[in-house]
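Per UniProt numbering, the very first residue in the sequence shown carries number 1; after that it's consecutive.
Note that the Cβ used here is the ideal one computed from N, Cα and C, for glycine as well.
Down below is the structure, laid out as structure tokens.
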Amino acid sequence: MKLQHHIGGIENLGPVNLDTRVFAEPWEQRIFGIHTAMMAESAHLADALRAYPVKDLPTRFKSDWTWASLRTGAERMQPFEYFKFRYYEKWLGGIAQFFIDAGYIRADELTEKTAFYRAHPDAALPDRPNAPLATQINTYLQQGDSGYHEPAHAPRFAAGDTVRIADPAPVDHTRLPGYLRNKTGTVDVVYPGDFSYFVSTGVDGVGKPMAVYRVAFDATEIWGPDKTEPNTTIYADLYEAYVLAVN
């Protein structure tokens, strides 16, 4: 899994796509909308810092779904499959597999529906969200789901400290960019408060709320002088679990 999270700088993966459009195809907007609706209905919002009335929503969706769910589905893909598909195709595959695994739809039902809409592209789509659900989605888009917590203890590092980035064991999902593993940088900013993530990443280290740092890296430390423009600094926001003291 290390390979597929923030893969900047890895050679021989083909040309860089410079397309600046958010959505290259109309169907991609619908995939983004499905993901957004799922996040707004996620069962974990009942216990979020900004609690939502998700238990009262008129919906059959009763699961947790967050950005972590989306990335976990993509990152556990077979690497050659991961690099073969477009960005929102990965989203579609992860969302579809989630609904199958969670029992909302059978694989054969999904295949049947897919075949139907391919044969009848102008057929009516399912109804739009009902009014309470539409209100919930709009509220979630405006208010979000904060991961901020009052700090439980002082941060381990301060601005100006030289630190080394960890290289934890591979897991289903991580928040550590692969190209920063084992690199050395300087703490630039210590963000106030502690921050949690949607899920625990297990042995990867992110679980309970913790400090988050903005760490600065000389680009030559990451990619070497032959592949770096002069005087280039790379900044990354990193959970404290990924930041180690330099021995």
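Exercise. Does the segment 204-218 come close enough to the segment 128-142 to have 3 or more Cβ pairs within less than 8 Å?
Worked result: no
Exercise. How close, in whole Å, do the beta carbons of Asp-172 and Glu-75 come, if the pair is a contact with beta carbons under 8 Å?
Worked result: 7 Å
For this session: Could you tell me which residues DSSP puts in a beta bridge with Ile-234?
Result: Phe-217
Problem set entry | Cβ-Cβ distance between Asp-19 and Ala-43 below 8 Å | no
Problem set entry | Ordered list of beta strand (DSSP E) runs contained in the segment 115-195, each at least 3 residues | 162-165 and 184-190
Exercise. Quick one: what's got a C-beta closer than 6 Å to Gly-93's C-beta in the same chain, skipping five residues either side?
Worked result: none
For this session: Taking the CB atoms as reference points, tell me whether Gly-147 and Phe-195 lie closer together than 8 Å.
Result: yes
Problem set entry | Cα-Cα separation, Val-54 to Asp-47 | 10 Å
Exercise. Would you say Ile-100 and Leu-110 are within 8 Å of each other, going by their C-beta atoms?
Worked result: yes
Problem set entry | Close-in-space but distant-in-sequence residues of the same chain around Met-1 (CB under 8 Å, 5 per side omitted) | Residue placement at Met-1 is poorly supported in this model, since its pLDDT is 39, which falls under 50; the coordinates still yield a value, given next. Here the set comprises Glu-75, Arg-76, Pro-170, Val-171, Asp-172, His-173 and Thr-174.
Exercise. In angstroms, rounded to a whole number, what distance separates the CA positions of Lys-90 and Ala-102?
Worked result: 18 Å
For this session: Inspect the CB distances between the segment 227-238 and the segment 138-157 and report whether three or more fall short of 8 Å.
Result: no
Problem set entry | Counted within 10 angstroms of its Cβ, other Cβ atoms place Glu-240 as buried (16 or more) or exposed | buried
Exercise. Quick one, which of Val-190, Ser-69, Asn-182 and Arg-30 has its alpha-carbon nearest Val-199's?
Worked result: Ser-69
Problem set entry | For Met-38, three-class secondary structure by DSSP | helix
For this session: Look at the Cβ atom of Val-215, then the Cβ atom of Val-187, and state whether they are nearer than 8 Å.
Result: yes
Exercise. On the three-state DSSP scale, how would you describe Ala-96?
Worked result: helix
Problem set entry | Minimum C-alpha distance to Asn-182 - residue among Asn-247, Arg-128 and Pro-126 | Asn-247
For this session: Spatial neighbours of Pro-121 within its chain, please: CB distance less than 7 Å, with the 5 preceding and 5 following residues excluded, ordered by chain position.
Result: none
Problem set entry | Length of the line joining the Cα atoms of Glu-112 and Phe-217 | 50 Å
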